[in-house]
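Chains as they are written, first to last, in the numbering used here: chain A, 1 to 140; chain B, 1001 to 1758.
Backbone N, C-alpha and C define an ideal beta-carbon position, used for all residues, glycine too.
What you are looking at is a predicted structure, and each value in this text was computed from that prediction instead of being measured.
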């Protein structure tokens, strides 16, 4: 699988395949979208392109952002569309290989199972592998 | 290597021109068959085929050359008057066009002629040229007839239609080697014809236009869009600057940008006729397939639209046309039996109307059978029987746009599979247009598409609601109203939680933007008055209340991601001068969201029914109405709506006045009549207080709706049994209190009798 971009969300460590990440941005001016799902945090101006920002905490049913949330934008490409995933903090990029992946155990809550299909074992940590395509599919 | 490129270029040029020429051939042959002016048309058709043959021969495409040659031989005989055009000849010529198109597609896709046996077609063309009668049957067996037609997209990619006058189809091409065989001098080509078409004798016209890659235009368009945004940003800066030379430069940039934008927009405009070229052929083929006789009339082909829009309406338009030919126009025998000419007519019309382009397809066929639509819709579960009762004819006709709907008795090859009209509607709405079906003049049917001129840049009003900025396209804006606190008190009324504004005597519903969008309400100084944007959606007006009206800006419309597509209240988003994103409101969606559009009125009415119970509060709101000098009060909970109705829609039934209201017949009662006054029906609009519930409804015609007032602990004295009036003290005066419900019930039990006729 190669490289994973890691990030933090409500204390848990997540990751996304680096190939899907277009860029990472500091907090951006956000335009709220009234009547939209609460998971849509708003719209950002990405060099002339309008991109929806998705609040991942809401997607996972977590607390809507605490003091540790810095609203970092992880801009990902899913098929034709580009969305920004709002996360608490950005971690480093880690190198992994096939053997480190495992299916998510059934004991994890249903919300995790839907958006996180795999788990990645690091020597002294576990990474929840987020599937951005499922996040976007869940919004439509 | 360079030589190879050059050869490729020649082939590309040849293909582009030939495909363009083929569309023209299709059209001209059909026109010719319909009795168009023969001499010049034949000459032009001959020329096109001739130059195609020449180039094909030069480039070594033997089959193509052979087919074109046979066609040319036949055309020469026609041109010289040795033969006259009849159906077998026209069919064979059209098949030749198909064969050429097929071969060209092969060349385009693989660089060579790859297949197809056209010998039979060639033989037939030559036999026809000899004047021999040819059995029409082999037509079906020829490869041309079974070959799939070239995909329209392919032609489109190659032909940036509308950019060039058609005359350039066979214009000299820049490569000298090619121009020789491809371009015989007009004099040797047709010595018998005295004058050549204008395009040829005036080379200056040809040189004045250039073929431009459409992709390049799109890129330029995007860049201009960005430039407009940058300009807007610059203007924001300039507003706070006082350096005169900086301001002057900003002004210059401002003007240049506007002109550039306009210019680039124009390059993308195409006459709508550019997609009409193939339609006569489509109709002709359809007609012969269906055994009908159909003529296609077009007008307004020069109406210009942005090319992205032209692209978007191509398929819907073709579909509507096929539908009209299949379902609309009757078989010749049926037509004659009805006293119509055996040949049906389909009219295709494009014209500008209030900043939009209307495209209409009308047929003079049997018209829409509303009863059949109703039955079919109920059968298919699209609507319930109860809902059908509430729908009027035009709404029923609109059901043909619902998915899964088709009234064709038989599934034909052409249409009737129940897909299509819903796709038409969706595609048209996607580009901000509307599709509607109307009964045509003289019994036929008209399908009208209302289409915006362009999508990319629109003029919009920036408004503020709860400290958030929104853009509203100017096209939807009828007028802008500001009411001071005094005017607010007199011109805005509340009826059952709905606010109504009296705009020069017309009542229009008010929609509060912040409330519709569920925005947090903000404290606002009442002295600031009220901003109302009078908007038009779906033929209905409503007033949008906003906190502030800021500016008028040219905005670049950007799409929202699929995750927000389900929100109909937004048409997109734009980036403002300060770099922030602002949402563009979709007026139609907004109207739906706020339940002010007709379609949702049924739903809105159901909701009203639930809430229209008597209020138990000690405070009673009453509506004060006047007929001549007499006032009556109506408890507000009995008022469903206030309407203004044109006198001319009032009809008479059983001696009483009635009006069609939401698909039902609603009796009208003049208040004056109830009060024993002499009533004469005047002209102009009438004010109607509507009460409607389950089975009964009534419209009370009053001279004026004066006010809505709250009476604390109103004391009511019951009237005599059977009387419609009670009395109550309103504003310290004894006033008649009208029981609208009793009035409606009286009307429902013994239609119109109890309320008297007049």
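Residues, ordered as in the chain, of the stretch 6-34 of chain A that lie near chain B by beta-carbon distance below 8 Å: 29, 31, 32, 33 and 34
Could you give the residue range of the alpha helix (DSSP H) that holds residue 1251 of chain B? Working through the second chain from its first residue, we reach residue 1251 of chain B at position 251. 1244-1267 is the span of the alpha helix (DSSP H), which, as asked, contains residue 1251 of chain B.
Euclidean distance between Cα positions of residue 1127 of chain B and residue 1108 of chain B: As a first step, residue 1127 of chain B must be located in the second chain, where it is residue number 127. As a first step, residue 1108 of chain B must be located in the second chain, where it is residue number 108. Their Cα atoms are separated by approximately 30 Å.
From A:52, A:80, A:6 and A:103, residue whose alpha carbon lies closest to that of residue 28 of chain A: For the purposes of this step, residue 28 of chain A is taken as residue 28 along the first chain, with counting starting at 1. For residue 28 of chain A, the closest alpha carbon among the candidates A:52, A:80, A:6 and A:103 is that of A:52.
From residue 1667 of chain B to residue 1699 of chain B, what distance separates their C-alpha atoms? Position 667 of the second chain, counted from the first residue, corresponds to residue 1667 of chain B. Position 699 of the second chain, counted from the first residue, corresponds to residue 1699 of chain B. Taking the straight line from one Cα to the other gives about 6 Å.
According to DSSP, simplified to helix, strand and coil, what is residue 1142 of chain B? For this step, residue 1142 of chain B is matched to residue 142 along the second chain. Reliability fails at residue 1142 of chain B, whose pLDDT of 40 lies under 50, so the model's placement of it is uncertain and no value is given.
Between residue 1585 of chain B and chain A, is any beta-carbon pair separated by less than 8 Å? Within the second chain, the letter at position 585 stands for residue 1585 of chain B. Judged by the 8 Å Cβ criterion, residue 1585 of chain B is not in contact with chain A.
Residue 1468 of chain B: contacting residues in chain A (beta-carbon distance under 9 Å): Along the second chain, one-based indexing puts residue 1468 of chain B at 468. Simply 31, 32 and 34.
Taking the Cβ atom as the reference point for each residue, do residue 1738 of chain B and residue 1632 of chain B lie within a distance shorter than 8 Å? Counting from one through the second chain, the residue named residue 1738 of chain B turns up at place 738. Counting from one through the second chain, the residue named residue 1632 of chain B turns up at place 632. Yes; because the gap between Cβ atoms is below 8 Å, this pair is in contact.
Leaving out the 5 sequence neighbours to the left and right, which residues in its chain are closer than 7 Å to residue 1459 of chain B when beta-carbon positions are compared? One-based indexing of the second chain puts residue 1459 of chain B at position 459. If we look at residue 1459 of chain B and ignore the five residues flanking it on each side, its Cβ neighbours are 1474, 1552 and 1554.
From residue 1131 of chain B to residue 1095 of chain B, what does the alpha carbon distance come to, in whole angstroms? Locating residue 1131 of chain B in the second chain gives position 131, where the first residue counts as 1. Locating residue 1095 of chain B in the second chain gives position 95, where the first residue counts as 1. Rounded to the nearest angstrom, the two C-alpha atoms are 18 Å apart.
Which residues does DSSP list as the beta-bridge partners of residue 967 of chain B? Given a span of 1001 to 1758 for chain B in the structure shown, any question on residue 967 of chain B remains unanswerable.
Spatially closest choice to residue 1510 of chain B from B:1531, B:1723, B:1527 and B:1518, by CA coordinates: Within the second chain, the letter at position 510 stands for residue 1510 of chain B. Nearest C-alpha to residue 1510 of chain B: B:1531.
Proximal residues, the stretch 47-80 of chain A versus chain B, C-beta separation under 8 Å: 48, 49, 50, 51, 52 and 54
Residue from B:1019, B:1623 and B:1312 whose Cα sits closest to the Cα of residue 1494 of chain B: Along the second chain, one-based indexing puts residue 1494 of chain B at 494. When each option's Cα is compared against that of residue 1494 of chain B, the closest is B:1623.
Short-range partners of chain A found in the stretch 1501-1529 of chain B, where Cβ spacing is below 7 Å: 1517, 1518 and 1519
Give the residues from the stretch 1536-1562 of chain B that approach chain A closer than 8 Å (Cβ to any Cβ), ordered along the chain. 1558, 1559, 1560, 1561 and 1562
Could you give the DSSP three-state label for residue 1383 of chain B: helix, strand or coil? Numbered from 1 along the second chain, position 383 holds the residue referred to as residue 1383 of chain B. Residue 1383 of chain B sits in coil when the DSSP states are folded into three classes, being neither helix nor strand.
Is the Cβ of residue 45 of chain A closer than 8 Å to any Cβ of chain B? As a working mapping, residue 45 of chain A is identified with position 45 in the first chain. Cβ-Cβ to chain B under 8 Å: yes for residue 45 of chain A.
Which residue's Cα is closest to the Cα of residue 1675 of chain B: B:1665, B:1099, B:1701 and B:1687? As a position in the second chain, residue 1675 of chain B is number 675, starting the count at 1. Among B:1665, B:1099, B:1701 and B:1687, the Cα nearest to that of residue 1675 of chain B belongs to B:1701.
Start and end of the alpha helix (DSSP H) containing residue 1237 of chain B? Locating residue 1237 of chain B in the second chain gives position 237, where the first residue counts as 1. Looking at the DSSP string, the run of the alpha helix (DSSP H) that includes residue 1237 of chain B is 1214-1239.
Distance cutoff 8 Å, beta carbons only. Does residue 142 of chain A sit that close to anything in chain B? Summary: the structure shown does not reach residue 142 of chain A, with chain A confined to residues 1 through 140, and so no result is reported for it.
Could you check whether residue 1581 of chain B and residue 35 of chain A sit closer than 8 Å to each other, using their CB atoms as the reference points? Here residue 35 of chain A is taken as the residue at index 35 of the first chain, counted from 1. Here residue 1581 of chain B is taken as the residue at index 581 of the second chain, counted from 1. The answer is no: Cβ separation not under 8 Å.
Neighbour list for residue 136 of chain A in chain B, Cβ cutoff strictly below 9 Å: Counted from its first residue, the first chain places residue 136 of chain A at position 136. Near residue 136 of chain A (Cβ distances below 9 Å), the residues of chain B are 1561, 1562 and 1563.
For a quick check, are the C-beta atoms of residue 1669 of chain B and residue 1564 of chain B less than 8 Å apart? Sequence index remark: in the second chain, residue 1669 of chain B carries index 669 (1-based). Sequence index remark: in the second chain, residue 1564 of chain B carries index 564 (1-based). No.
In this structure, does DSSP put residue 1628 of chain B in helix, strand or coil? The residue given as residue 1628 of chain B occupies position 628 in the second chain. Correct three-state label for residue 1628 of chain B: coil.
Contact set between residue 83 of chain A and chain B, taken where Cβ atoms lie within less than 8 Å: Within the first chain, the letter at position 83 stands for residue 83 of chain A. Result: 1561 and 1563.
Ignoring anything shorter than 3 residues or poking outside the stretch 1503-1529 of chain B, list the beta strand (DSSP E) runs there in chain order. 1506-1512
Please state whether DSSP places residue 124 of chain A in a helix, a strand or coil. Position 124 of the first chain holds residue 124 of chain A. In this structure, residue 124 of chain A counts as coil in the three-state DSSP scheme.
Helix or strand or just coil, what does DSSP make of residue 1088 of chain B? Here residue 1088 of chain B corresponds to residue number 88 of the second chain, with the count starting at 1. If DSSP states are grouped into helix, strand and coil, residue 1088 of chain B belongs with the helices.
In chain A, which residues lie with their C-beta within 7 Å of the C-beta of residue 1577 of chain B? Indexing the second chain from 1 puts residue 1577 of chain B at position 577. Neighbours of residue 1577 of chain B on chain A: none; closest Cβ ~12 Å, over 7 Å.
Return the Cβ separation of residue 1023 of chain B and residue 1278 of chain B in integer angstroms, given the expectation that the two are a contact with Cβ distance under 8 Å. Along the second chain, read from residue 1 onward, the residue named residue 1023 of chain B stands at position 23. Along the second chain, read from residue 1 onward, the residue named residue 1278 of chain B stands at position 278. Right, their Cβ atoms sit about 6 Å apart.
Hey, would you say residue 1253 of chain B sits closer than 8 Å to residue 48 of chain A, going by beta carbons? As a working mapping, residue 1253 of chain B is identified with position 253 in the second chain. As a working mapping, residue 48 of chain A is identified with position 48 in the first chain. The answer is no: Cβ separation not under 8 Å.
Starting from residue 21 of chain A, follow the beta strand (DSSP E) in both directions and report where the run begins and ends. Counted from its first residue, the first chain places residue 21 of chain A at position 21. Counting along the chain, the beta strand (DSSP E) containing residue 21 of chain A begins and ends at 21-25.
Leaving aside the five residues before and after residue 1500 of chain B along the sequence, list all residues of the same chain whose C-beta is less than 8 Å from its C-beta, in chain order. Taking the second chain and counting its residues from 1, one reaches residue 1500 of chain B at position 500. Here the set comprises 1492, 1493, 1494, 1507, 1508, 1509, 1510 and 1642.
What separation, rounded to the nearest whole angstrom, lies between the Cα atoms of residue 133 of chain A and residue 1400 of chain B? Working through the first chain from its first residue, we reach residue 133 of chain A at position 133. Working through the second chain from its first residue, we reach residue 1400 of chain B at position 400. In a straight line, the C-alpha of residue 133 of chain A is about 36 Å away from that of residue 1400 of chain B.
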